[in-house]
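Novice: Attaching a single structure in structure tokens format; questions to follow.
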Amino acid sequence: MASPQAQIQPCRYKTGKTLGAGSYSVVKECVHIDTGRYYAAKVINKRLMAGREHMVRNEIAVLKRVSMGHRNILTLVDYFETMNNLYLVTDLALGGELFDRICRKGNYYESDAADLIRATLSAVAYLHDHGIVHRDLKPENLLFRTPEDNADLLIADFGLSRIMDEEQFHVLTTTCGTPGYMAPEIFKKTGHGKPVDVWAIGVITYFLLCGYTPFDRDSNLEEMQAILIADYSFTPLEYWRGVSLPAREFIRRCLTIDPAARMTSHEALSHPWIADSTTSENNEDLLPTVKKNFNARRTLHAAIDTIRAINQLRAGGAAGMMDGVVSHDPKRGAAPSAKPSQVPQPVAEGSDPMEIDSRNNGHGQTEEMIREQERKIRETTQGMWRR
Ligand code: ADP
Ligand code: MG
């Protein structure tokens, strides 16, 4: 039953192919029946909101006010409800997600990363000026408006997921999400205001320059512990040699534990790496490294999930299959050999009979380490199948 204030209307849109999906919603291409114009519709099932519809409606009202005001924010075109769903109709972003697009490029320089971060920051500063904290900034929520080279980068996904998951620890334990972009104060429960977005920008910047995230660990718990003490470094050196000092300094100023000492979004916009990046003399093509690290990590996460599944089966835990709790993946859609959504965690963390120190304490890996791990994984899985 809808609440009394809800206005139930017939749907004026015809939906088409699915563009993407999150934990609470499906995003579909749609066409407005009267005008023939194409849009994207985010469809949220009311059953999943369990009495929190009013919060969503509130947030949508705010977003409606700001979403037209900045070229790097996805415009909310329409909003309506049917008996079962909420519909957020937005512009169609035809240029795809940020990281997919980078991977498809022929080359990619530090100044390109600075341009992308500048666009994101400018939208974030605009949101902050209007009293809005996004709370869910990550590469999957950054989309390009068109496939053209000079297309605008858009902040999509208006952080509704944070309304849905008020309890952050709930997110950690029950979804496939990684805490990777979350600020320390979120875990400490000491606040989650505007500074959390700047922290996330720091994580995204780090990721855009090397292809892995700074706090990447084998488990969400370890990752959270690393975030709490900002345990990250610009290593291995082979991947950071080509990255300028201003870029590192920018990341450091974003990944500052104390939210009060962290840069604000406006300070970040005037940081030399962002403000004077056209004068950057750093001409190294980062694409080969970024792509390689990203793919290595994806393969590795899939392998870890496979090994965990095997361990679980060996330990007689087949009943736990389909629990949906998985090791995090740097990106949705891991290698097809191990569907993350179907692979459970090991029975007990630390008692994993085939524990692999997969990520060298979370920092990037050298070629040699990747080869060694691939060998280990091969041996382990081969041994398994022979049994
Ligand atoms: P969720 O809150 O469930 O994460 P998102 O708004 O992030 O939902 O959308 C999920 C995915 O759907 C995105 O990562 C993106 O790939 C795709 N998507 C979302 N909005 C659009 C859009 N306006 N145009 C094209 N694709 C979109
Ligand atoms: Mg999203």
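Numbering-wise (UniProt numbering), the sequence shown opens with residue 1 and increments by one.
Built from N, CA and C at the ideal position, the CB exists for glycine as well.
If contact is defined by three or more beta carbon pairs under 8 angstroms, each pair taking one atom from either stretch, is the segment 191 to 208 in contact with the segment 261 to 277?
Specialist: yes
Novice: Measure the alpha-carbon distance for Phe80 versus Tyr87 and round it to whole angstroms.
Specialist: 5 angstroms
Novice: Going by beta carbon distance, what residues of the same chain come within less than 8 angstroms of Val133, once the five residues before and after it are set aside?
Specialist: Result list for Val133: Leu127, Gly159, His192, Gly193, Lys194, Val196 and Asp197, in chain order.
Novice: What does DSSP give as the partner residue(s) for Glu110 in the beta ladder?
Specialist: Glu110 is not bridged to any residue.
Novice: Tyr24: beta carbon under 7 angstroms from a heavy atom of the ligand ADP?
Specialist: yes
Novice: How should Asn141 be labelled, buried or exposed, when 16 other C-beta atoms within 10 angstroms of its C-beta is the threshold for buried?
Specialist: buried
Novice: Let me check understanding here. Comparing Cα to Cα, which of Thr205, Met182, Met263 and Leu287 lies closest to Thr120?
Specialist: Thr205
Novice: Our contact map puts Tyr39 next to Val89 with C-beta atoms below 8 angstroms; I'd like the distance itself, whole angstroms only.
Specialist: 5 angstroms
Novice: Buried or exposed for Thr289, going by 16 or more other Cβ atoms inside 10 Å?
Specialist: buried
Novice: Three or more beta-carbon pairs under 8 angstroms between the segment 181 to 192 and the segment 96 to 105, yes or no?
Specialist: no
Novice: Quick one, which of Ala302, Asn295 and Leu245 has its alpha-carbon nearest Ile274's?
Specialist: Leu245
Novice: Please identify the residue among Ala41, Asp34, Arg37 and His32 whose C-alpha is closest to the C-alpha of Thr18.
Specialist: Ala41
Novice: Give the DSSP bridge partners of Lys28, in chain order.
Specialist: Thr18 and Ala41
Novice: Give the single residue among Glu53, Arg37 and Gly36 whose Cα lies nearest to the Cα of Ile44.
Specialist: Glu53
Novice: Are Ala230 and Ile257 close, meaning C-beta to C-beta below 8 angstroms?
Specialist: Annotated as proximal: Ala230 and Ile257, with beta-carbon spacing under 8 angstroms.
Novice: Ala226 and Arg145 look like a contact to me (Cβ under 8 angstroms); what is the Cβ gap, rounded to whole Å?
Specialist: Incorrect: roughly 35 angstroms between the Cβ atoms, too far for contact.
Novice: State buried or exposed for Glu185, treating a residue as buried only when at least 16 other CB atoms are found within 10 Å of its CB.
Specialist: buried
Novice: Identify which residue in Arg57, His301 and Asn84 has its Cα closest to the Cα of Arg217.
Specialist: His301
Novice: Could you check how far apart the C-beta atoms of Ile155 and Leu74 are, in whole angstroms? I think they sit under 8 angstroms.
Specialist: 6 angstroms
Novice: Taking Cβ positions, are Tyr13 and Leu287 nearer each other than 8 angstroms?
Specialist: no
Novice: Helix or strand or just coil, what does DSSP make of Tyr13?
Specialist: strand
Novice: Considering only heavy atoms of the ligand ADP, does any lie closer than 7 angstroms to the CB of Glu53?
Specialist: no
Novice: Skipping 5 residues on each side, what residues in its chain have a beta carbon closer than 8 angstroms to that of Leu143?
Specialist: Its chain contains Leu74, Ala93, Gly95, Gly96, Glu97, Leu98, Leu153, Leu154 and Ala156 as the residues whose beta carbon lies nearer than 8 angstroms to that of Leu143, once the 5 sequence neighbours on both sides are disregarded; these appear in chain order.
Novice: Tell me where the alpha helix (DSSP H) around Tyr239 begins and ends.
Specialist: Leu237 to Trp240
Novice: So which of Val243, Asp276 and Pro236 has the shortest CA-CA distance to Glu284?
Specialist: Val243
Novice: For Gly74, does the three-state DSSP call read helix, strand or coil?
Specialist: In the sequence under discussion, the amino acid at residue 74 is Leu, which differs from the Gly named in the question. Of the three classes helix, strand and coil, the one that applies to Leu74 here is coil, per DSSP.
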